[in-house]
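Residue numbers (this note's numbering), protein chains in the order written: chain A, 1 to 583; chain B, 584 to 1166.
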């Protein structure tokens, strides 16, 4: 048995796209995607899977040991990273979803979701470099001047130049209003940027000739807080070919993701150009917020898939201990405690794949559906789902990798078995792009309560429609009932919160984490039900029955995890004292 | 603010020992401990806390970076480890609980629990070296010949020589019946040991002149399986001063605990002496099982305490974001989501301290209570609690450290803030000394179901006695009710399982993990109630009220976590299919 390999889950990915989400019919009704059919999409995904498994996976463990290095202000990435990136560019992958207007392929975000899941599964650290590219592309496309667009967009879309987002400063982490980096306007329309940034992923590296930094900073007369922030494009190499005045001053020594250069950057009168309106820097960045958070959620999904399939292979191979009544030692996959862990990992991974891909599919509809009302509806639903995808999938990316590690026993703690690296790499995704606690507040305050519950009602409508569909298949009655019950719990808790928040505005803040987890389980129930319903129609009965069994396992063994969440959400009198150091 | 420091939780430790467990009155009634009073005990604990905080904590982060090295079959430990160990020996710490007959101090295991918690909190890797000493001491004291005892026990009790337990082989992890290492008897009564062992903590190092290996192996005519195992003492240095034929052949590259040498060992006709009867090797090792598993649980507790107090200090210092209605940025400790995380960490840590110390206190009674019936009762209760302490405390050692990491945001992912090392170090404790899944099966099958529920009934009696005590204090009525409710849930689920297992013997194996977690929450409820009751009698009202508030937080916010556990335990019809690779 070879250690730590990746078999792209092509069959399940196709099943989710084609049967659960029924995306091909949506593509056919969408002019921008009308040329796309499922077989073409499947070919793209299979090719992406080959790239991830054959090119990226073999680099992952060695890159963890080698890490990045910094000499004379220049970062060197681990062996093979630059070559793999050239292959990625040559394969046209950076431009997958970019507009044909800027040299992109204009394919659905849904296919990009599959690509990102597989890249993250095989090499999260490497994936960090191209990950930022699409956010920069979207930001520039929506907010940059025509001149800046002409100069930068085609080369960002193609991946020839990579991008970095420079937000965080030592005193400004979750609270961007504390940012101090200054931008001074010059007569020629450019600005000079000065300041120190930290935690800049890919702030410097050797993968591309140029790196386009998008830097949040303040103009001299800026208001305090987030309203005073402007976004400035600061390229590593200036249009005249000279080196700009920015440098990597240090690399963080991190728990994991060691192949990804996390840079401290210093800008010393670096030349840049404002993107969008002065003082509207944060608004310009919000453009990419939903997709960036979806991408982070997909990292969590990738880790779960990789951890799950390797734990299953190991457990089917490793024999240890006897089963009751059996004469010889058995593969550990047959022991009930291990079986339960593996089935839980499989059901969680597959259920969350449906959630994430659903969000991606809604983002496609929000961008390209011919009906403006449907675009607005899909945008609302994608916005609602995004914080759940980010927080829930990264939570299980880490905890799922840890559960898989447990299957390996003592070997799980040893580097050469691969899984301990997954645990370390997966941990960051619960923090960056807005901590999971910030996602929960975004969900409950901004996405659920702020609009009076309109978008949530649409989500529950869709869930109940699936419950009805499922209920029409007699053997799936348990799925229909569970889904309807979950929707009811979400609805009741939301109504209670809305009423109670009027007199106790802190209540939603106290229970936001639980609310997100509760809603996530309702979405899982939807995934389980929709997958079982779609499987019932499949000609491949063996595959369909195994899928249904895993989804039913999820119903019985995973959905109860939301019980304490709703109990806490529904307990407004629970105290939450101020914290002091205990002795 | 200095990073990653340790303030020994002396006040809480004393509170648990003196007020919650009321240990001093038990000591007074026990001849072996009649000389001990609380002030003396508190001095011992304070001294241990100083050693941990001042000597061990400063070495921890550097040792993680340096790791151990192997050259010419000899292991070098990180800078400062050997010197710290000499201080530990000079302070008399190894012999704390050893019998005065063998040069020990004969103090209660309860005080040793406090020592071990604090050592693990400050430097888990360093603590691995002396950790094995006491198990070897107990095994030899109970099973070795007088000659072996005279030769080895005094120098093991004093810590002059350290010990290693050599059990695991590549094909024999959780299943020791698969062990292949051979022992061939010689005419002089010695044996020659040949074979390869892996994962041997402290198999070689530079902390002591000699290392006493206890090696599980097979005599030539041994039965297959665990019945054929014998335990052999194999010293690194033979009595004549020559080097024995054993060597470290490799060090594992691990996720954490890098200062602890995890050795692959080769024994090539190494000289040893059988401990106990041939073929009774496993029985000889069972002597130390309860205390070794308690020690691992205390490692989990130490990690939680260290993570919690550092997260609290960081959160009180770091300002970020505004609170509703407040004009300026606030310490993150005041934000509801962070407050909740910190209170959860505090309540879990303090609640689990009571559980672990209770087990230690019962081990003392089992060893030294003047009444044989009380000794037997305490031994049964300690045996029942042991797998819970091991699994539950190490679960939260890892997950608590991860929750604390989240409080640090991006800094949590960076080595210099200390917490990411805690997450890595804490992970192993869920695996070694019997995986947590094995603990759950041990609890349910061997400790709860095998005796018809006698010991469990005694546990529930004790819990209900506390509920009555608590119920007599009107303001603590919620604690009394919650504790009684938890006891009832344990009782009902156990009765259902006992009845159902007759026709579905796999049922307990499917739900053992949940049963352990459910029972652990009942024990937490007992901790919360007993602590609140004891606090009610304290003269220091400010401290008592803060303690009660944390315990009430646990009641309201933590106990609901057992709901899904009991729901799954009580669902015998839940399916658990065989696992295959999904596609």
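Note that beta-carbon positions come from the ideal geometry of N, C-alpha and C, so glycine has one too.
Can you tell me whether residue i is buried or exposed? The criterion is at least 16 other CB atoms within 10 Å of its CB, across all chains shown.
{"i": "residue 65 of chain A", "result": "exposed"}
{"i": "residue 1 of chain A", "result": "Because the pLDDT of residue 1 of chain A is 44, which lies under 50, any placement of that residue in the model is unreliable, and the number read from its coordinates should be weighed accordingly. So residue 1 of chain A ends up on the exposed side."}
{"i": "residue 112 of chain A", "result": "buried"}
{"i": "residue 904 of chain B", "result": "buried"}
{"i": "residue 873 of chain B", "result": "buried"}
{"i": "residue 387 of chain A", "result": "buried"}
{"i": "residue 353 of chain A", "result": "buried"}
{"i": "residue 1124 of chain B", "result": "exposed"}
{"i": "residue 869 of chain B", "result": "exposed"}
{"i": "residue 31 of chain A", "result": "exposed"}
{"i": "residue 3 of chain A", "result": "exposed"}
{"i": "residue 1058 of chain B", "result": "exposed"}
{"i": "residue 350 of chain A", "result": "buried"}
{"i": "residue 1016 of chain B", "result": "buried"}
{"i": "residue 824 of chain B", "result": "exposed"}
{"i": "residue 753 of chain B", "result": "exposed"}
{"i": "residue 582 of chain A", "result": "buried"}
{"i": "residue 427 of chain A", "result": "buried"}
{"i": "residue 1003 of chain B", "result": "buried"}
DSSP has residue i in a bridge; who is on the other side?
{"i": "residue 217 of chain A", "result": "A:230"}
{"i": "residue 997 of chain B", "result": "A:254"}
{"i": "residue 595 of chain A", "result": "Residue 595 of chain A cannot be examined here, being either before or after the span of chain A that is shown, 1 to 583."}
{"i": "residue 191 of chain A", "result": "A:185 and A:272"}
{"i": "residue 659 of chain B", "result": "B:652"}
{"i": "residue 912 of chain B", "result": "B:905"}
{"i": "residue 1175 of chain B", "result": "Chain B is shown from 584 up to 1166; residue 1175 of chain B falls before or after that span and cannot be answered."}
{"i": "residue 172 of chain A", "result": "A:169"}
Taking 7 Å as the limit between beta carbons, can you name the residues of its chain near residue i, skipping five residues before and five after?
{"i": "residue 708 of chain B", "result": "646, 840, 841, 842, 843 and 1008"}
{"i": "residue 878 of chain B", "result": "699 and 714"}
{"i": "residue 254 of chain A", "result": "262"}
{"i": "residue 1161 of chain B", "result": "none"}
{"i": "residue 942 of chain B", "result": "877, 965, 968, 969 and 972"}
{"i": "residue 435 of chain A", "result": "174"}
{"i": "residue 184 of chain A", "result": "191, 192 and 220"}
{"i": "residue 137 of chain A", "result": "98, 153, 156 and 157"}
Using a Cβ-Cβ cut-off of 6 Å (strictly less than) and excluding sequence neighbours within five positions of residue i, which residues of its own chain qualify?
{"i": "residue 1127 of chain B", "result": "1118 and 1121"}
{"i": "residue 19 of chain A", "result": "534"}
{"i": "residue 764 of chain B", "result": "778 and 800"}
{"i": "residue 282 of chain A", "result": "226 and 229"}
{"i": "residue 668 of chain B", "result": "790"}
{"i": "residue 1053 of chain B", "result": "1059, 1062, 1063, 1112 and 1116"}
Leaving out five residues before and five after residue i in sequence, what residues of the same chain have Cβ atoms less than 8 Å from its Cβ?
{"i": "residue 680 of chain B", "result": "687, 688, 689, 690, 691, 692, 694, 695 and 717"}
{"i": "residue 93 of chain A", "result": "48, 51, 115, 130 and 159"}
> At a cut of 8 Å, does the segment 528 to 536 of chain A reach the segment 551 to 558 of chain A through at least three beta carbon pairs?
Replying inline: yes
>> Which complete alpha helix (DSSP H) runs does the segment 233 to 320 of chain A hold, if anything under 4 residues is left out?
In response: 281 to 286 and 289 to 317
> Does the segment 159 to 168 of chain A touch the segment 203 to 222 of chain A, meaning 3 or more C-beta pairs lie closer than 8 Å?
Replying inline: yes
> Do the segment 103 to 122 of chain A and the segment 190 to 198 of chain A meet, that is, are 3 or more Cβ pairs less than 8 Å apart?
Replying inline: no
> At which residue ranges does the segment 94 to 169 of chain A contain complete beta strand (DSSP E) runs of 3 or more residues, listed in the order of the chain?
Replying inline: 162 to 166
> Taking one C-beta from the segment 925 to 940 of chain B and one from the segment 891 to 898 of chain B each time, how about it: are there three or more such pairs within less than 8 Å?
Replying inline: yes
> Are the segment 222 to 233 of chain A and the segment 90 to 102 of chain A in contact at 8 Å, needing three or more beta carbon pairs?
Replying inline: no
>> Quick check: the segment 494 to 513 of chain A against the segment 437 to 457 of chain A, are at least 3 beta-carbon pairs closer than 8 Å?
In response: yes
> Counting Cβ pairs closer than 8 Å, one from the segment 983 to 995 of chain B and one from the segment 951 to 965 of chain B, do we hit at least three?
Replying inline: no
>> At 4 residues or longer, what runs of the alpha helix (DSSP H) sit wholly inside the segment 911 to 995 of chain B?
In response: 919 to 951 and 955 to 990
> Any contact of the segment 362 to 378 of chain A with the segment 20 to 30 of chain A, i.e. 3+ C-beta pairs under 8 Å?
Replying inline: yes
> Are three or more beta carbon pairs between the segment 853 to 862 of chain B and the segment 721 to 737 of chain B nearer than 8 Å?
Replying inline: yes
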